[in-house]
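**Student:**
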Amino acid sequence: MQYCTAVLLAAGSGSRFDASRTKQTYSLLGKSVLRRSAEVLAACPLVDALVIVVREDETAFSRGELADLKKPYKIVVGGKTRQESAAIGFQNIPAESTEVIIHDAARCLITENGVKEVVCAVRKYGAASAVTAVHDTVKTLSDEGMIVSTRDRSRLCLAATPQGFSVPLYRRALAGAPAVTDDNMLVEHLGEKIYPVYVFENPKITTPEDMLYAEFLLRKRGEGNV
Ligand code: CTP
Ligand code: MG
2 MQYCTAVLLA AGSGSRFDAS RTKQTYSLLG KSVLRRSAEV LAACPLVDAL VIVVREDETA
62 FSRGELADLK KPYKIVVGGK TRQESAAIGF QNIPAESTEV IIHDAARCLI TENGVKEVVC
122 AVRKYGAASA VTAVHDTVKT LSDEGMIVST RDRSRLCLAA TPQGFSVPLY RRALAGAPAV
182 TDDNMLVEHL GEKIYPVYVF ENPKITTPED MLYAEFLLRK RGEGNV
């Protein structure tokens, strides 16, 4: 029996966003970033359960926001880095989980279909990641910081989330893990390949300006007063 658990990472401090409040607590068209991300994951028929990783000082807020989530879920307190929070989330997935998908709460515009495509690809390839295409011409810099060459754009993509793995693969990847900035890197380190799932309009909220873009995208999808 296949059982997919989504680990939602919402334990960050949002230092590039707002010094007084974290981005996951902000409301976008009347619904918090945290709640939006959790609802999309819970709505996906291929997701069986959620582990939501939050800041200790936002436990009460998170409980309130997630009270009526439509799937079994657990709230746990995260760590100092994203990597620590992902490891804590993984330690708390239900024992019957066969796949895990890890998602940044800050990417609250992911669609149910995007989540579904990642889970399907994990079931087929063992590892999959939401990505976006690179539209710019990407340059390599020399040791002195001068542009010296151009990368082949057809061989590049930008990593997004969700990133998903079979549970045995992710467990192996976590053992002896180097410091990384996403979960794909843990699996790349093992020499394993990850299937790229191209997902559109799935920005990560990093700065306050990103909220304006997120709101624009939500209105384009028919939310709020267009
Ligand atoms: N995250 C986490 N635990 C941490 C750090 C980050 O769960 N210790 C989560 C964030 O809540 C976010 C995701 O990882 O959903 C991606 O991180 P990022 O966008 O960098 O968010 P923050 O770390 O909160 O922001 P900043 O780097 O600007 O401080
Ligand atoms: Mg961060």
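For the sequence shown, position 222 matches number 223 in the working numbering, and the numbering has no gaps at all. Every residue gets a Cβ at the ideal spot worked out from N, C-alpha and C, and that includes glycine.
Quick check for students: name the residue ranges of the beta strand (DSSP E) that lie wholly in the stretch 100-151, counting only runs of 3 or more.
**Tutor:** Qualifying beta strand (DSSP E) stretches, in chain order: 100-105, 128-134, 140-142 and 148-151.
**Student:** Where residue 166 and residue 104 are concerned, what is the direct C-alpha to C-alpha distance, given to the nearest angstrom?
**Tutor:** One-based indexing of the sequence shown puts residue 166 at position 165. One-based indexing of the sequence shown puts residue 104 at position 103. Rounded to the nearest angstrom, the two C-alpha atoms are 12 Å apart.
**Student:** Hey, out of 11, 30 and 130, whose CA is closest to residue 75's CA?
**Tutor:** Counted from its first residue, the sequence shown places residue 75 at position 74. Nearest of 11, 30 and 130 to residue 75, Cα basis: 11.
**Student:** With hydrogens ignored, establish whether the beta-carbon of residue 146 is closer than 6 Å to any heavy atom of the ligand MG.
**Tutor:** Taking the first residue of the sequence shown as position 1, residue 146 is located at position 145. Every heavy atom of the ligand MG is 6 Å or more from the Cβ of residue 146, so no.
**Student:** Is residue 177 close to the ligand MG? I mean its beta-carbon at under 6 Å from any heavy atom of the ligand.
**Tutor:** Position 176 of the sequence shown, counting from 1, holds the residue named residue 177. Checking the Cβ of residue 177 against the ligand MG gives no.
**Student:** Could you say if the stretch 105-119 and the stretch 167-177 meet the contact criterion of at least three C-beta pairs nearer than 8 Å?
**Tutor:** The stretch 105-119 vs the stretch 167-177: no contact.
**Student:** Under a three-way DSSP split, which group does residue 8 fall into?
**Tutor:** If you number the sequence shown from 1, residue 8 lands on position 7. In this structure, residue 8 counts as strand in the three-state DSSP scheme.
**Student:** Could you work out which residue in 29, 7 and 31 is closest to residue 43 when comparing CA atoms only?
**Tutor:** By 1-based counting over the sequence shown, the position of residue 43 is 42. It is 7 whose Cα lies nearest to the Cα of residue 43.
**Student:** So who's on the other strand from residue 32, going by DSSP bridges?
**Tutor:** The count along the sequence shown starts at 1 and reaches residue 32 at position 31. Beta-bridge pairing links residue 32 to 29.
**Student:** Work out the CA separation of residue 100 and residue 39 for me, nearest whole Å.
**Tutor:** To locate residue 39, count along the sequence shown from 1; it is residue 38. To locate residue 100, count along the sequence shown from 1; it is residue 99. Roughly 17 Å separates the two Cα atoms.
**Student:** Could you tell me whether the Cβ atoms of residue 130 and residue 185 are closer together than 7 Å?
**Tutor:** Numbered from 1 along the sequence shown, position 129 holds the residue referred to as residue 130. Numbered from 1 along the sequence shown, position 184 holds the residue referred to as residue 185. It is a contact, given that the beta carbons lie within the stated cut-off.
**Student:** Expressed to the nearest angstrom, what Euclidean distance is found between the alpha-carbon atoms of residue 221 and residue 171?
**Tutor:** Here residue 221 is taken as the residue at index 220 of the sequence shown, counted from 1. Here residue 171 is taken as the residue at index 170 of the sequence shown, counted from 1. Cα to Cα, the separation comes out at about 36 Å.
**Student:** Indicate whether residue 161 and residue 95 have their beta-carbon atoms separated by less than 7 Å.
**Tutor:** One-based indexing of the sequence shown puts residue 161 at position 160. One-based indexing of the sequence shown puts residue 95 at position 94. Not closer than 7 Å, so no.
**Student:** What is the DSSP secondary structure of residue 162, reduced to helix, strand or coil?
**Tutor:** As a working note, residue 162 is residue 161 in the sequence shown. Three-state result, residue 162: strand.
**Student:** Would you call residue 59 buried or exposed, if buried means 16 or more other Cβ atoms sit within 10 Å of its Cβ?
**Tutor:** Here residue 59 refers to the residue found at position 58 when the sequence shown is read from its first residue. So residue 59 ends up on the buried side.
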